[in-house]
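Novice: Take a look at the following structure, please.
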């Protein structure tokens, strides 16, 4: 599981515009995108005071409809030799390898690392994770698989990894995921308890439960 450092903040504006052009966007949309991402100014307001304006030389605005789409366009040409699944700034590589097989995932990680260098991005080796899913009864299978390296550093092999809010365990059981959901929902239920003590009406309590607590319990239930 690859973690891009400051993914939205490092996008090269001119590379992004080149990629948008290569995908056949009309000229008038390209001009609009150029005005959207170039020559932006930002400043901080504290009370009635404003800081001096700053002009970011890269990145796309977050919490906008076009920001995530721009990032998807930016990383769309990232290709690897093993299956690669991308969801906004989360990228996951995987391969199926038997006991006598040879892992080739390091080659794909190297390809991804070279791509980031060519596109002014960076993979965070400390936050990237490797998880080996196996039902083998002995530990030999995991011991023969070498650690994946990024920039010469081993990335951590973990027993559990969170992917899009779902905790994946190396034995594909869901105990850890359920524990995490129970803890997260428990904290929100306690908030509901405090609201009840404060005299909030039952109708409002139900609204809070439906909007705050139940989504935690139901998220990824089909999995």
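In full-length UniProt numbering, the protein residues as written are 1 to 223. Each residue gets a CB set at the ideal place from its N, CA and C atoms; glycine is no exception.
1) Do you know whose CA, among 210, 102, 81, 36, lies nearest residue 70's CA?
2) Per DSSP, what are the beta-bridge partners of residue 90 in this structure?
3) Can you list the alpha helix (DSSP H) stretches of 4 or more residues lying completely in the stretch 30-65, in chain order?
4) Quick one: complete beta strand (DSSP E) runs, 3+ long, within the stretch 109-169?
5) Pull up the distance between the alpha-carbon of residue 57 and that of residue 20, whole angstroms please.
6) Report the option in 96, 32, 127 whose CA atom is closest to the CA atom of residue 134.
7) Determine, using beta carbons only, whether residue 60 and residue 16 come nearer to each other than 9 angstroms.
8) Considering Cα atoms alone, identify which of 31, 52, 32, 47 is closest to residue 41.
9) For residue 210, which of helix, strand or coil comes out of DSSP?
10) Just mark residue 13 as buried or exposed, buried being the case when its beta carbon has 16 or more other beta carbons within 10 Å.
11) What does the alpha-carbon distance come out to for the pair residue 74 and residue 132?
12) Compare the beta carbon distance of residue 91 and residue 8 with 9 angstroms and say whether it is the shorter of the two.
13) State yes or no: is the C-beta of residue 125 within less than 9 angstroms of the C-beta of residue 155?
14) Using the three-state DSSP reduction, which class does residue 97 fall into: helix, strand or coil?
15) Which residues mark the beginning and the end of the alpha helix (DSSP H) in which residue 10 is found?
16) So does the stretch 102-121 actually touch the stretch 147-164, counting three or more Cβ pairs closer than 8 angstroms?
17) Just confirm the distance between the C-beta atoms of residue 82 and residue 105, as a whole number of angstroms; I'd bet it's less than 8 angstroms.
18) Please return the same chain residues whose Cβ sits closer than 7 angstroms to the Cβ of residue 217, not counting the five positions on each side in sequence.
19) Which same chain residues, not among the five before or five after residue 163, have their C-beta less than 8 angstroms away from its C-beta?
20) Does the beta-carbon of residue 161 have 16 or more other beta-carbons within 10 angstroms, so that it is buried, or is it exposed?
21) Please list, in chain order, all residues of the same chain as residue 165 whose beta carbon is under 8 angstroms from its beta carbon, the five residues on each side excluded.
22) Taking just the CA atoms, how far does residue 201 sit from residue 86?
Specialist: Walking through what the data contain:
1) Of the candidates 210, 102, 81, 36, 36 places its Cα closest to the Cα of residue 70.
2) The secondary-structure analysis by DSSP pairs residue 90 across a beta bridge with 3, 87.
3) As far as the stretch 30-65 is concerned, it has no whole alpha helix (DSSP H) run of at least 4 residues.
4) For the stretch 109-169, the full-length beta strand (DSSP E) segments reaching 3 residues or more read 160-163, 166-169 along the chain.
5) Rounded to whole angstroms, residue 57 to residue 20 spans 18 angstroms at the Cα level.
6) Comparing alpha carbon positions, the residue from 96, 32, 127 closest to residue 134 is 96.
7) Taking a C-beta distance under 9 angstroms as the contact criterion, residue 60 and residue 16 qualify as a contact pair.
8) Taking each of 31, 52, 32, 47 in turn and checking the Cα distance to residue 41, the smallest one comes out for 52.
9) Three-state DSSP puts residue 210 in a helix.
10) With 16 or more other Cβ atoms within 10 Å, it is buried.
11) The alpha-carbon separation between residue 74 and residue 132 amounts to approximately 29 angstroms.
12) Contact: no.
13) Going by C-beta atoms, residue 125 is nearer than 9 angstroms to residue 155.
14) DSSP places residue 97 in coil when its eight states are reduced to three.
15) No alpha helix (DSSP H) holds residue 10; DSSP gives it neither H nor E.
16) Verdict: yes, contact present.
17) Confirmed, about 6 angstroms.
18) These residues qualify, in order along the chain: 181, 185.
19) Within its own chain, the residues whose Cβ lies closer than 8 angstroms to the Cβ of residue 163, once the five positions on either side in sequence are excluded, are 1, 90, 92, listed in chain order.
20) Within a 10 Å sphere around the beta-carbon of residue 161 sit 16 or more other beta-carbons, which makes this residue buried.
21) Only 219, 220 meet the Cβ criterion.
22) Straight-line Cα distance between these residues: approximately 43 angstroms.
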